[in-house]
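*Asks:*
In mature numbering (1 follows the signal peptide of the UniProt record, and there is no 0), the protein residues as written are -25 to -1, 1 to 381.
#1: Where does residue 205 fall in DSSP's three states?
#2: Using only alpha-carbon positions, find the residue among 100, 328 and 149 that is nearest to residue 42.
#3: Mark residue 133 as exposed unless 16 or more other C-beta atoms lie within 10 angstroms of its C-beta, in which case mark it buried.
#4: With H, G and I counted as helix, E and B as strand and the rest as coil, what does DSSP make of residue -2?
#5: Once DSSP output is grouped into helix, strand and coil, what is the label at residue 308?
#6: Run the CB neighbour count on residue 59, radius 10 Å, all protein chains shown included, and call it buried at 16 or more, exposed below.
#7: Under a three-way DSSP split, which group does residue 387 fall into?
#8: By a C-beta neighbour count over all protein chains shown, 10 Å radius and 16 as the cutoff for buried, is residue 262 buried or exposed?
#9: If I follow the unbroken beta strand (DSSP E) through residue 162, where does it start and stop?
#10: Rounded to the nearest angstrom, what separates residue 382 and residue 40 at their Cα positions?
#11: Against chain D, with Cβ distances strictly below 9 Å, would residue 62 count as a contact?
#12: Which value, in whole angstroms, describes the spacing of the CA atoms of residue 378 and residue 297?
#13: Between residue 195 and residue 168, which are expected to be in contact by the criterion C-beta below 8 Å, what is the C-beta distance as a whole number of angstroms?
#14: With C-beta atoms as the reference, is residue 204 less than 9 Å away from residue 184?
#15: Grab me the residues of residue 159's own chain with a C-beta within less than 6 Å of its C-beta, minus the 5 sequence neighbours each way, in chain order.
#16: Looking at residue 151 and residue 164, is the spacing between their C-beta atoms short of 9 Å?
#17: Tell me whether residue 182 is buried or exposed, calling it buried when 16 or more other Cβ atoms sit within 10 Å of its Cβ.
#18: Go to residue 85, then tell me how far its beta strand (DSSP E) extends in each direction, as first and last residue.
#19: Does residue 71 pass the burial test, meaning 16 or more other C-beta atoms within 10 Å, or should it be called exposed?
#20: Assuming residue 281 contacts residue 304 (C-beta within less than 8 Å), just tell me the rounded distance between them.
#21: Run through the DSSP bridge pairs and tell me what residue 250 is partnered with.
#22: Output the distance between the C-alpha atoms of residue 161 and residue 233, rounded to the nearest integer angstrom.
#23: Between residue 258 and the rest of its own chain, which residues show a CB-CB distance below 6 Å, the 5 nearest in sequence each way excluded?
#24: Quick check on this structure: which residue in 314, 228, 19 and 105 has the alpha carbon closest to the alpha carbon of residue 278?
#25: Do you know whose CA, among 198, 212, 252 and 290, lies nearest residue 241's CA?
#26: Identify whether residue 220 lies in helix, strand or coil by the three-state DSSP scheme.
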């Protein structure tokens, strides 16, 4: 199986990134003798950590309440979660909020209650509408960055990843929630998948909150393998026929802005077609969304590569030039741009969301391995939606046993 190498985090760089996001100081609060103070609002806007997809976990990212800890609030605060401005039921309240299928289409926010000198309430911004679970939510029901590869022999191998959140000191009165992570033991989660010539994940395609897989067989039939949320699969079913006319099929996520996951397919004339998902394992009416895509030998579903909340595409031409095609969020395109060259060195290029968790990370990364099996991670360091790749370094080797990453 492919293996990983540990990457050292450059603490100085991390500190510079985090400190560049200014958090306003708490205003002074003084209670008058003998008078119980009412909760006070503040200009501090607490940042939410987590992506707005079903399956993600949301929480608070930075606090200034280190000196406000009590027995009732051991972290110095109590979170109150709201959906479209209405508090969620008591059983869903807590330090972490797991997003479920019923949250789709709603906007989540949180109120942070503290009691330092006086009771205070701080209000987060609302999320964008919650979308169906994306590929970035992984396979084990934890909302984690996880890799899945198919070997030449047809085995599916899952690389789960575990995050252990904990608070760390981040200056006077401040604490930052960090998410150190490690790879779990890889495991085989399927065999016989070489009966399909194309295998990809659209994210959650049937609406149950778990990520799924679609595979095309040699007769052109498309089969759905629903995920069980634990790294395995429920019984498959056929969801299409006649898909043999396409030479590339990918799952970009929600491409048309309705909160449901879709599929893009290129025919042999180079025309690109959008097949919107219905949210329950079926399809809405298809439409053509591009032409001339035959110049590319690889189309990559990148998830949200710009951090603007829309599903994007990368495409590599036969000379090794890599292009980014941001979507406009309504089933069309924003302007494409050249990302780089030399990508013909890569045998496979894929995306599985952001591998790190923080209040200021929202865009996906690229994962790629060479023909020799060396695995690399590429971070997005672009500004204002312009994608610029930073080669984080080699993170693994032996990945040439895989014919594709899913």
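Even for Gly, the Cβ is constructed at its ideal location relative to N, Cα and C.
*Replies:* This is what the structure holds:
#1: coil
#2: 149
#3: buried
#4: Unreliable positioning characterises residue -2 in this predicted model, as indicated by a pLDDT of 31, which lies under 50. The coordinate reading is nonetheless provided below. Correct three-state label for residue -2: coil.
#5: Collapsing the DSSP output to three states places residue 308 in a strand.
#6: exposed
#7: As displayed, the chain neither begins before -25 nor continues past 381, which places residue 387 out of reach and without an answer.
#8: Burial call: exposed.
#9: 162 to 165
#10: What is shown of the chain runs -25 to 381, which leaves residue 382 out entirely.
#11: The chain inventory of the structure shown lacks chain D, comprising one protein chain alone.
#12: Each residue's Cα considered, the two are about 20 Å apart.
#13: Actually they are not in contact, since the Cβ atoms of residue 195 and residue 168 sit about 17 Å apart, beyond 8 Å.
#14: yes
#15: 135 and 137
#16: No, they are not a contact pair.
#17: buried
#18: 83 to 90
#19: exposed
#20: With a Cβ gap of about 11 Å, residue 281 and residue 304 do not count as contacting.
#21: 238
#22: 35 Å
#23: 250
#24: Of 314, 228, 19 and 105, the residue nearest in Cα terms is 228.
#25: 290
#26: helix
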